[in-house]
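**Q**
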Amino acid sequence: MSSSETNPFKIAQSQLDNVADRLELKKGIHLFLRTPRRELSVNFPVRMDNGEIKVFQGYRVQHNMARGPCKGGIRYHWNVSLDEVRALAMWMTWKCAVVNIPYGGAKGGIICNPKEMSQAELERMTRRFTTEISIIIGPEKDIPAPDVYTNAQTMAWIMDTYSSIKGYSVPGVVTGKPIHVGGSLGRNEATARGCMFTIREALKHFDLKVIPPEQWRKECSEEELDKDICDGDEGTGYKLNKATVAIQGFGNAGSISAALLSAKGAKIIAVSDSKGGVANKEGLDIPKLIEHKSKTGSVIGFEGANDDLGPKQVLEFEADVLVPAALENQITDENADNIKAKIVAEAANGPTTPEADRILHEKNIFLIPDILANAGGVTVSYFEWVQGLQQFFWSERDVNVQLREIMTKAFHEVLQISEKEKVDMRTAAYMVAVKRVADAIEHRGIFP
Ligand code: NAD
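The number in the working numbering is simply the position in the sequence shown, starting from 1, with 50 added.
1) Rounded to whole angstroms, how far is the Cβ of G315 from the Cβ of R454, which I believe are closer than 8 Å?
2) Pull up the CB-CB distance for I336 and S312, whole angstroms please, since I reckon it's below 8 Å.
3) Buried or exposed: K76, going by 16 or more other Cβ atoms within 10 Å of its Cβ?
4) Is any heavy atom of the ligand NAD found at a distance shorter than 7 Å from the C-beta of D323?
5) Determine the direct distance from the alpha carbon of A139 to that of E89, and round the result to whole angstroms.
6) What is the DSSP secondary structure of G438, reduced to helix, strand or coil?
7) With contact counted as at least three CB pairs below 8 Å, one residue from each stretch, are the segment 129-146 and the segment 173-191 in contact?
8) Could you check whether V428 and I393 sit closer than 8 Å to each other, using their CB atoms as the reference points?
9) Does the distance between the C-beta of L377 and the nearest non-hydrogen atom of the ligand NAD fall short of 7 Å?
10) Using C-beta distances below 7 Å, list every residue in its chain close to E190, excluding the 5 sequence neighbours before and after it, in chain order.
11) Output the distance between the C-alpha atoms of L310 and L132, rounded to the nearest integer angstrom.
12) Of all the CB atoms in chain D, is at least one closer than 8 Å to the CB of C120?
13) Buried or exposed: G21, going by 16 or more other Cβ atoms within 10 Å of its Cβ?
14) Looking only at C-alpha atoms, which of R84, P86, I103 sits nearest to N93?
15) Once the 5 residues before and after V223 are set aside, which same chain residues still bring their CB inside 8 Å of it?
16) Ignoring anything shorter than 3 residues, give me the beta strand (DSSP E) runs that lie fully in the segment 394-432, in order along the chain.
17) Under DSSP, the beta strand (DSSP E) around T211 begins and ends at which residues?
18) Verify the contact flag: D197, CB atom, against every heavy atom of the ligand NAD, threshold strictly below 7 Å.
19) Rounded to the nearest angstrom, what separates T346 and G326 at their Cα positions?
20) Let me check you understand the geometry: is the CB of G495 closer than 7 Å to at least one non-hydrogen atom of the ligand NAD?
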């Protein structure tokens with residue numbers, strides 16, 4: 051693979067190849083895992099508001115289902131490609147395996163510009179796409195969820211369309227639904243909350259700007275303790291002692307990470323979205339910034355900032371922690387050398403190219419890989435699916451406690467392999483995940 055490779059599928063394959071030898075994977079299993087099990091490509095017509103018919107192209111790719119039904123989001127973006135969806139599907143297989151939830155990996159996407167479409171057009175496109183892919187999705191087969199530029203509303207349309215086809219309500223066909231149609235409390239925040247837990251474990255590991263629970267409990271108010279219990283910490287979690295954080299992307303993953311990290315005591319000093327970035331070394335007021343973005347559509351022009359940045363400049367900002375939470379290929383061989391953070395937590399999928407990975411490792415930057423850092427979303431999706439199948443719904447506190455336990459355990463399993471095998475955290479996470487999937491394939495056997 052060339053050093054400037056940015057094809058996400060080639061990158062995903064090379065990440066698998068990187069651990070195949072270390073794990074002594076059988077050649078046949080390695081080859082089976084290098085390519086998706088099923089790919090569905092659909093072209094379908096949608097009536098636009100002006101009466102015109104537009105044809106959209108979409109995909110649903112199922113990478114592997116050895117450990118359970120496939121799971122993965124649906125993305126609406128003008129740059130969606132089959133190779134991108136293949137990569138994202140493969141990463142989902144590893145992500146579910148690294149946190150040890152009983153799913154395989156899938157992903158879907160439509161090539162479209164959701165920013166230029168009305169709600170009615172988005173609804174018609176979503177419903178028609180659901181019909182097209184209904185032959186391969188379902189609660190026992192493949193369960194979509196939100197991703198870039200899709201949200202709880204999109205999931206409600208998918209659930210309603212699929213249920214209309216079946217003739218009865220099927221809440222388990224998607225996760226990330228609104229609460230009143232079977233969504234889970236805590237799902238909207240789950241990716242960010244999981245990411246926050248891994249960042250906190252990393253800061254604890256380096257004993258960097260953390261306050262032990264015994265100490266902060268002496269100082270905290272009743273209200274803070276109640277909030278902590280709802281957060282899944284039960285008053286036993288560490289607080290962050292003004293650890294500084296820069297975040298690229300201010301959507302679901304980025305803005306909620308900012309909110310949760312700042313509530314835990316971190317100082318968010320720089321953030322960006324697709325239009326630009328803002329910074330304040332004293333710390334940005336995150337609730338106000340979220341309000342500003344929802345009113346104006348961007349973080350730019352925020353009154354509480356004293357510096358303007360380009361969307362990518364935020365990556366090179368001097369901070370303890372950098373959270374890329376936008377898209378793939380943001381940290382490359384061109385800018386990796388300029389990254390100043392001590393910890394990089396990949397809330398986004400695939401933000402770092404393999405060449406940049408090598409540079410960050412050489413610079414001793416501790417990277418929490420995407421398949422671990424952002425696995426909180428799929429973990430609470432799993433809780434939502436379980437709740438939907440049982441029609442028995444949990445409290446937010448229960449969701450967050452279970453999430454904390456899973457994320458913390460997974461972080462330490464990966465860290466342990468990384469230290470034992472003397473490899474970076476991405477390689478270690480792949481070693482844990484690929485081994486679990488390969489073991490499942492071996493145990494199930496090759497049919498016939
Ligand atoms: P989103 O649509 O809610 O937000 C995306 C954000 O990125 C927006 O603020 C957008 O303005 C910004 N952005 C786009 N291009 C940018 C650029 N070039 N520079 C700076 N910012 C840019 O999407 P999301 O759900 O937050 O997903 C973000 C990333 O997190 C994706 O890689 C996604 O796959 C990953 N992820 C999301 C979830 C989830 O549950 N939402 C779970 C796991 C992984």
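For glycine and all other residues, C-beta sits at the position ideal for the given N, C-alpha and C.
**A** Reading off the structure:
1) At roughly 17 Å, the Cβ-Cβ gap does not stay under 8 Å, so G315 and R454 are not in contact.
2) 5 Å
3) exposed
4) yes
5) 10 Å
6) helix
7) no
8) no
9) yes
10) P119
11) 34 Å
12) Considering every chain present, this structure includes no chain D. It has just one protein chain.
13) Nothing about residue 21 can be read from this structure; the chain reaches only from 51 to 498.
14) I103
15) I187, G188, P189, I193, P194, I208, M209, Y212, S213
16) 416-418
17) That residue, T211, is in no beta strand (DSSP E); its alpha helix (DSSP H) goes 202-216.
18) yes
19) 13 Å
20) no
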